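Novice:
Numbering (my numbering), first residue to last: 1 to 143.
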């Protein structure tokens, strides 16, 4: 019996090597599936304008926001007290898809030249403008 299992194992290894050499990924019968998890986003540096510090926390669900990403929190720069929170964009989660693959994170945040808005970029390359007076966000089309 040992000889036959060794031959079968060698045949499986040869099939996998041949598949890789041909540029074809092994089928599920040829290789075990690999579990993939999305990496946590890199931290976004807070922006301070006047006496307010703006943060883009990635894990909004843990704070009851209903989504991960797309949230900006304004805090008093001296005390850290929360002043207001704004949802920059909504994420419509699909029940039949893994949640972490649907999260959309803010990856860049900076003050507008006039200091009256935050300019944001999400990890899908979309740009947003958050008006600091109204706390309303809209897509940003400026070059």
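Glycine included, each C-beta is placed from N, C-alpha and C at the ideal position.
Fair warning: this is a prediction, and the values are worked out from it, not measured in the lab.
Would residue 113 be called buried (16 or more neighbouring beta carbons within 10 Å of its own) or exposed?
Specialist: Exposed, since its Cβ has fewer than 16 Cβ neighbours within 10 Å.
Novice: Got a sec, what are the start and stop residues for the beta strand (DSSP E) residue 53 sits in?
Specialist: Counting along the chain, the beta strand (DSSP E) containing residue 53 begins and ends at 52-55.
Novice: I want to know whether the stretch 116-133 touches the stretch 75-84 - three or more CB-CB distances under 8 Å.
Specialist: They do not touch, by the three-pair rule.
Novice: Judging by CA-CA distance, which residue of 77, 89, 136, 51 is the nearest neighbour of residue 103?
Specialist: Ranking 77, 89, 136, 51 by Cα distance to residue 103 puts 89 first.
Novice: Skipping 5 residues on each side, what residues in its chain have a beta carbon closer than 8 Å to that of residue 66?
Specialist: 60, listed in sequence order.
Novice: Between the beta-carbon of residue 109 and the beta-carbon of residue 52, is there less than 9 Å?
Specialist: Not in contact: residue 109 and residue 52 (Cβ atoms no closer than 9 Å).
Novice: Once you ignore the five residues that flank residue 74 on each side, which residues in its own chain have a CB closer than 6 Å to its CB?
Specialist: Here the set comprises 52, 54, 83, 84.
Novice: Quick check: the Cα distance between residue 48 and residue 77, rounded to an integer number of angstroms?
Specialist: Answer to the nearest angstrom: the Cα atoms are 7 Å apart.
Novice: Taking residue 124 as the reference, give the member of 46, 137, 105 with the closest Cα.
Specialist: Among 46, 137, 105, the Cα nearest to that of residue 124 is on 105.
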